[in-house]
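See below for the structure under consideration.
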Amino acid sequence: MMKVVASVVVCLWAATASVQAFTSSSSSSQGRSVSALSAEKVPCFGASPFPPIFLGEPVWDKLTMDLGSAATGDYLRSSELKHGRSAMLATVGFAFEKFGITFDKISPHEYLSISKDIKFADLAALGPVDAVKAIPGEGWAQIFAVIAAIEIFELTHRGGEIKEGESIPPGLQAGGLNGYNMNFNPLKITIDDRRKLVELQNGRAAMVAISAWVASETIPGSFPIPLPW
Numbered sequence: 028m029m030k031v032v033a034s035v036v037v038c039l040w041a042a043t044a045s046v047q048a049f050t051s052s053s054s055s056s057q058g059r060s061v062s063a064l065s066a067e068k069v070p071c072f073g074a075s076p077f078p079p080i081f082l083g084e085p086v087w088d089k090l091t092m093d094l095g096s097a098a099t100g101d102y103l104r105s106s107e108l109k110h111g112r113s114a115m116l117a118t119v120g121f122a123f124e125k126f127g128i129t130f131d132k133i134s135p136h137e138y139l140s141i142s143k144d145i146k147f148a149d150l151a152a153l154g155p156v157d158a159v160k161a162i163p164g165e166g167w168a169q170i171f172a173v174i175a176a177i178e179i180f181e182l183t184h185r186g187g188e189i190k191e192g193e194s195i196p197p198g199l200q201a202g203g204l205n206g207y208n209m210n211f212n213p214l215k216i217t218i219d220d221r222r223k224l225v226e227l228q229n230g231r232a233a234m235v236a237i238s239a240w241v242a243s244e245t246i247p248g249s250f251p252i253p254l255p256w
């Protein structure tokens with residue numbers, strides 16, 4: 028688990044370097060430096076469910092004041108939000124497989140891949156990790172294509188509309204990514220600070236959960252708490 032946390036921290040530092048470049052470019056065009064933009068302390072939304080404790084405050088201040096700006100904080104929060112959403116989907120998929128709610132029972136199709144002779148029932152007989160490994164390359168290509176389409180939409184759109192004629196895509200501009208600029212809300216849910224905080228906290232819990240479940244699945248005895256399956 029510590030390795031997972033360390034990897035996340037390293038990724039955040041690496042991501043910040045790229046964001047700093049965009050922030051610096053935008054700032055210089057207005058005749059101001061990054062240091063001037065980040066002179067004030069940048070608040071961290073969802074820092075902790077138990078205020079005023081903020082264990083990562085020194086790191087947050089370093090990333091948003093010394094190395095970047097408030098736009099850097101938006102990027103980091105967007106990254107955490109995306110990882111949290113991915114982890115929530117992963118925990119649901121992992122639990123469904125463990126509880127036997129698999130495609131061989133709900134899909135009208137018998138095969139995942141006819142050319143590779145892989146049936147949904149074959150995957151259902153495996154553990155979640157082994158089932159993922161059994162997905163053929165064509166399946167991974169489809170998954171990648173869907174993810175790429177979502178990412179490209181977010182990078183090229185602002186407020187649900189594509190922006191043309193800009194030298195830098197909206198998603199790559201300072202503060203361009205915030206996790207909520209895809210304008211996809213078919214249920215018309217009111218997005219307020221409470222809902223944003225709940226999603227962040229659920230995403231954090233899911234990231235811890237899926238890491239523990241995968242560790243338990245691949246390394247017997249590594250997770251000391253009995254799981255419901």
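Residue numbers are given in the working numbering: position 142 of the sequence shown equals residue 169, and the series is strictly consecutive. The beta carbon of each residue, even a glycine, is placed where N, CA and C say it ideally should be. Values in this document were obtained by computation on a predicted structure and should not be read as measured data.
Item checked: Distance, Q200 Cα to R185 Cα -> Whole-angstrom Cα-Cα distance: 11 angstroms.
Checklist line | Beta-bridge partners of Y138, as assigned by DSSP | finding: Paired residues: K146.
Next item on the list: Enumerate in chain order the residues of its own chain whose CB-to-CB distance from G198 is below 6 angstroms, with the five nearest sequence positions on each side excluded.
Entry: Residues of the same chain with a CB within less than 6 angstroms of the CB of G198, apart from the 5 flanking positions on each side, are E181, L182 and L204 in chain order.
Checklist line | Runs of alpha helix (DSSP H) wholly within the region 164-218 (minimum 4 residues, chain order) | finding: The region 164-218 contains these whole alpha helix (DSSP H) runs: 164-183.
Note to self: I'd like to check one pair, F147 with V241: are the Cβ atoms closer than 9 angstroms?
What the structure shows: Not a contact, by the Cβ cut-off of 9 angstroms.
Next item on the list: With a cut-off of 8 angstroms on the beta carbons, I'd call T118 and I237 a contact; round off their distance for me.
Entry: Between T118 and I237 the beta-carbon gap is near 5 angstroms, inside 8 angstroms, which marks them as a contact.
Notebook entry, point to check: Starting from K132 and walking both ways along the alpha helix (DSSP H), at which residues does that stretch end?
Noted result: Segment F130 to I133, the alpha helix (DSSP H) holding K132.
Margin query: Taking 7 angstroms as the limit between beta carbons, can you name the residues of its chain near F130, skipping five residues before and five after?
Written below: Within the same chain, F130 has close Cβ partners F147.
Next item on the list: Reducing DSSP to helix, strand and coil, say where G58 ends up.
Entry: For G58, the predicted structure reports a pLDDT of 40, less than 50, and the residue's modelled location is therefore unreliable. A value from the coordinates is still provided. Reduced to three states, the DSSP call for G58 is coil.
Next item on the list: Using 10 angstroms around the beta-carbon of P255, count the other beta-carbons present and answer buried if the total reaches 16, otherwise exposed.
Entry: Result: exposed.
Margin query: Check this for me: beta carbons of G127 and A161, under 9 angstroms apart or not?
Written below: Between G127 and A161, the CB-CB gap reaches or exceeds 9 angstroms.
Note to self: Between the alpha carbons of P247 and R112, how many angstroms are there, rounded?
What the structure shows: If you draw a straight line from the Cα of P247 to the Cα of R112, it comes to about 27 angstroms.
Next item on the list: Whole angstroms is fine: what's the gap from S105's alpha carbon to V156's?
Entry: When rounded, the distance between both Cα atoms is 27 angstroms.
Next item on the list: Put F121 into one of helix, strand or coil per three-state DSSP.
Entry: If DSSP states are grouped into helix, strand and coil, F121 belongs with the helices.
Item checked: Cut-off 8 angstroms between Cβ atoms - residues of its own chain near P251, not counting five sequence neighbours on either side -> Correct list: empty, nothing qualifies.
Margin query: What would DSSP say about A98, mapped onto helix, strand or coil?
Written below: In the structure shown, A98 adopts helical secondary structure according to DSSP, grouped into three states.
Note to self: Quick check on A158: buried or exposed, where buried means 16 or more other Cβ atoms within 10 Å of its Cβ?
What the structure shows: Buried, by the Cβ-count rule.
Notebook entry, point to check: Rounded to a whole number of angstroms, what is the C-alpha to C-alpha distance between S52 and F171?
Noted result: Legend: pLDDT at S52 = 38, less than 50; position of this residue unreliable, value from coordinates given subsequently. About 31 angstroms.
Notebook entry, point to check: If we ignore side chains and look at the alpha-carbon of each, how far apart do Q228 and C71 end up?
Noted result: Using only the alpha carbons, I get a separation of about 14 angstroms.
Checklist line | For L153, three-class secondary structure by DSSP | finding: DSSP places L153 in coil when its eight states are reduced to three.
Check: Over what stretch of residues does the alpha helix (DSSP H) that includes V69 continue unbroken?
Finding: Note, V69: premise wrong, no alpha helix (DSSP H); not H, not E.
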